[in-house]
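Going by the working numbering, the sequence shown wraps up at 157, each residue one higher than the last.
Glycine is no exception: its CB is placed at the ideal position from the N, C-alpha and C atoms.
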Amino acid sequence: MLLDQMVCEIPDVRPAVISPQAIELLEAYRGFRHVVRNVYSYNFDPSKTEVLVKNISTTFDGVRNELVIFVNFLTDEKE
79 MLLDQMVCEI PDVRPAVISP QAIELLEAYR GFRHVVRNVY SYNFDPSKTE VLVKNISTTF
139 DGVRNELVIF VNFLTDEKE
């Protein structure tokens with residue numbers, strides 16, 4: 079899976095794109111997407127959905143910051 083590849087550093091080529099912690103956070107949202115696509119809405123767990131909603135800004139900001147760091151690596155390598 080792409081997320082698994084993104085967490086792996088390739089020595090002498092590139093650092094990891096995102097951290098294992100970011101992957102863990104993103105997996106929760108992938109799981110939610112699976113439920114939304116494959117299960118009727120009455121099977122939603124409101125407490126789990128609430129946690130995802132509360133954490134989405136923090137998760138987005140963290141992943142975005144990691145991606146910016148990776149883009150900076152690519153830019154530095156190009157120069």
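query = Does the beta-carbon of LEU103 have 16 or more other beta-carbons within 10 angstroms, so that it is buried, or is it exposed?
reply = buried
Can you tell me whether ARG88 is helix, strand or coil according to DSSP? The residue asked about is misnamed: residue 88 is Ile in this sequence, not Arg. Correct three-state label for ILE88: strand.
What is the DSSP secondary structure of PHE122, counted as helix, strand or coil? coil
Note to self: Less than 8 Å between the beta carbons of TYR107 and LEU130, yes or no?
What the structure shows: yes
Would you say the segment 87-96 touches the segment 110-128, given that touching needs at least three Cβ pairs under 8 Å?
-> no
**Prompt:** Are ALA100 and GLU157 touching if we call contact CB-CB under 8 Å?
**Reply:** The answer is no: Cβ separation not under 8 Å.
* Going by the beta-carbon positions, is the gap between PHE151 and ARG92 smaller than 8 Å? -> yes
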